[in-house]
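To start, the structure itself, in structure tokens.
In the numbering used here, the protein residues as written are 633 to 1445.
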């Protein structure tokens, strides 16, 4: 089937003759005359297509044989022009100027020849008259490759006499379709990398209106349309993004399944204006739901985001605004730390760095997910590239080659940690299984497998399940080593207190006596104590207590605090403690501007007990430090026994006293903090059994029993840890009633098949599937587990890769 598409290429002898002005003006004038116009640009440029889109009301498209392949030029042209009655293709540089050393490859003439499109020349006549005829003659006849020049538009004529002289010299070579006088008001202003993108110009629409009027008055639009209609028919089939990803991404059924799971946020707005229209089309064709994200104004990633695409633009020109949007920077940093599949090209790379320096002024903090900084470079980098993937990563496979281009006037002051994204031939960018970031721009129509892989990764991404708790692992029929609840009988006095509390069920509960008992137990004033329905309620109240500007959660740890903060509308930052440091906290890791810091002591699931003076070192004016002491039953390194400004201690009765079905806990804080939390508390949220438990466990007898149990649990932990070490299994040095052990990927499922439930660790930020948390049980139960581990030795102790960690601080610097 032959498609008849009226079309013209707008070319020039060289850059600076006014191609963009005339081509965009033609598109606007023809659109306002009632034509449906499709705008296209030869080459990799992003800025001109933005003006084309504004002029035509349709996406601007690029035609570049280096980026997309010569064989795709006509299919991409037909795809972009679907539904249009006319296509205008703006050229690049001079008519025959292409890739250096490529004999005109990727030139305007090359694209015109491949697409069999007539050419209209735009010539700046401001500095010549009769010589213009020789220029036009040479462009018409030199022909490498041969092109069909069908008309000329004279630009920047100084006067009518000047224009007449040029027209007479051209004679009957080609028709002169129009003459534009000098009019600086219709030119797009320049900036440090060329034109200002249309999205960044407040007057862009008004400027286009003026330009459309100017062109309509001075160019013979009927002649332009007539010449465009003489373009020959095209027999190729239009490019189809669904067919393009058909062999690169999921099959049809897989794409339908992925559509329900892959939700990719694509950066836009004034700072991220550079991306090819086909990029989003390919993502959607591969099954993704694509949503827009404006990093200048949006304060968090769109709900349900499973992938992030950060394209090109000028982040250095918007550094102050991007840096000021701290909530979004924190949200993105946290998401990347959790493995959110992310593609970042050029501007996206800069945005993910620690800081970016604009053309004038000091560096400004950016996301901080990549351990590098960027600053202005002395020269512009502008070049086609052929790049090779050095390793398997999110987008590419080892040895795979792609074509692309670079266009930037910044450089990284140091290389990012990790494997490079490309070899060009020098290493460039950084890439992992979940991140691909570099200066290289690629046109995914030429490499649709990249889109397919990205969507597949986004569809598979779930991130840590912050709402996962150990009881989900301990299903019936399994030996429970997943739930951190003491597995011995409750004391008789506690059972009696719980039973007797039911006699008070006919009246509303009053927790004041329990709070007084807790105060006596810790040597605190009664007004320092707030009884809560477990630690979960306390975290919820703290999240709602203030409009926290920068809350921070120290991970890996119990995830309920982060859930509570997010549910309250906050974007919590993370300080992720790392394996190489023994998961120990250094106070300087916490950002100075954090106004809420949450830390467990000992921390769940690592079991690391942080010295009291280290935790106290987190205190700052205007900051609240929340210490979850759910497992600090021996009171060693506790901060509970003394009122400390800016410190909140949480305790829970669930674990030690084996009462998970009775939500009982308390807050120890300064009186004004306790009162503020009380004002937020739902009336009578603490039940009569919980009050009875608080009273019963605050006696001297209960404190002594609690310490006895803590000592017993410590003996159990040591027995478990020693047994694991004898098997050659790595553990984290801790002092909690559980052990974090590196048993290897897939070990948890292998143990389930042998009848043992251990707590999965990959739901804790900072850990992966090679870790499990094992509760300290009676020696006989532990020995049974060790026997199962011993019997599965080849499976559980196979080598596992250590996930590369970037900066340990995932909160703002």
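Positions of the beta carbon are idealized from the N, C-alpha and C atoms, including for glycine.
Keep in mind the model is a prediction, meaning the values are calculated, not measured.
Check                                                                                                                                                     : Outcome
Among the residues of its own chain, which have a CB less than 7 Å from the CB of residue 1102, if the five just before and after it don't count?         : 1114, 1115, 1116 and 1391
Check whether the Cβ atoms of residue 641 and residue 785 lie closer than 7 Å to each other.                                                              : no
Closest to residue 1160 by CA distance: which of 1047, 1123, 1124 and 1279 is it?                                                                         : 1279
Are residue 1083 and residue 840 close, meaning C-beta to C-beta below 7 Å?                                                                               : no
Could you spell out where the beta strand (DSSP E) holding residue 1013 opens and where it closes?                                                        : 1005-1020
Since residue 954 and residue 928 are thought to touch, with beta carbons under 8 Å apart, how far apart are those beta carbons, to the nearest angstrom? : 7 Å
If I measure Cβ to Cβ from residue 649 and keep anything under 8 Å in the same chain, skipping five residues before and after, which residues do I get?   : 754, 755, 756 and 787
Using three-state DSSP, classify residue 915 as helix, strand or coil.                                                                                    : helix
Excluding five sequence neighbours on each side, which residues of the same chain lie with their C-beta closer than 6 Å to the C-beta of residue 1093?    : 938 and 973
Nearest by alpha-carbon distance to residue 647: which of 1336, 724, 807 and 681 is it?                                                                   : 724
Going by DSSP, what residue range makes up the beta strand (DSSP E) through residue 651?                                                                  : Not the beta strand (DSSP E): residue 651 falls in the alpha helix (DSSP H), residues 651-664.
So what's residue 783 in DSSP terms, helix, strand or just coil?                                                                                          : strand
What residues in its chain sit with their C-beta under 7 Å from that of residue 1145, if we drop five residues either side in the sequence?               : 1327
So what's residue 720 in DSSP terms, helix, strand or just coil?                                                                                          : strand
Taking the CB atoms as reference points, tell me whether residue 1039 and residue 1014 lie closer together than 7 Å.                                      : yes
Run through the DSSP bridge pairs and tell me what residue 1411 is partnered with.                                                                        : Note: residue 1411 sits in no beta bridge, so no partner.
Taking the straight line between their C-alpha atoms, what separation do you get for residue 688 and residue 700?                                         : 23 Å
Thinking C-beta only, is residue 1204 closer than 7 Å to residue 1192?                                                                                    : no
Whole angstroms are fine: how far does the CA of residue 1342 sit from the CA of residue 1112?                                                            : 19 Å
Compare the C-beta of residue 1220 with all C-beta atoms of chain D and state if any pair is closer than 7 Å.                                             : Any reference to chain D falls outside this structure, which holds one protein chain only.
On the CB-based measure, 16 or more other CB atoms within 10 Å of its CB, does residue 935 come out buried or exposed?                                    : exposed
Going by C-alpha distance, which of 1137, 1316 and 1361 is nearest residue 1169?                                                                          : 1316
Beta-carbon separation of residue 684 and residue 721 under 7 Å?                                                                                          : no
Report the three-state DSSP secondary structure of residue 1075 (helix, strand or coil).                                                                  : coil
Use the C-beta contact count for residue 767: other C-beta atoms within 10 angstroms, 16 or more gives buried, fewer gives exposed.                       : buried
Roughly how many angstroms lie between the CA atoms of residue 951 and residue 1069, to the nearest whole one?                                            : 18 Å
Could you give the distance in angstroms between the alpha-carbon of residue 1329 and the alpha-carbon of residue 1271?                                   : 19 Å
Expressed to the nearest angstrom, what Euclidean distance is found between the alpha-carbon atoms of residue 1442 and residue 924?                       : Here residue 1442 scores only 32 on pLDDT, less than 50, and its place in the model should not be relied on; the value that follows carries that caveat. Taking the straight line from one Cα to the other gives about 24 Å.
Where does residue 732 sit, in a helix, a strand or coil, going by DSSP?                                                                                  : coil
Under a three-way DSSP split, which group does residue 1358 fall into?                                                                                    : helix
Tell me whether residue 636 is buried or exposed, calling it buried when 16 or more other Cβ atoms sit within 10 Å of its Cβ.                             : exposed
Measure from the alpha carbon of residue 1401 to the alpha carbon of each residue in 763, 1198 and 1393, then state which is nearest.                     : 1393
Could you check whether residue 742 and residue 730 sit closer than 7 Å to each other, using their CB atoms as the reference points?                      : yes
Helix, strand or coil: how does DSSP classify residue 1395 here?                                                                                          : coil
Taking the CB atoms as reference points, tell me whether residue 971 and residue 861 lie closer together than 7 Å.                                        : no
Which partner residues does residue 1159 have in the DSSP bridge list?                                                                                    : In the DSSP output, where bridge partners are listed per residue, residue 1159 has none listed.
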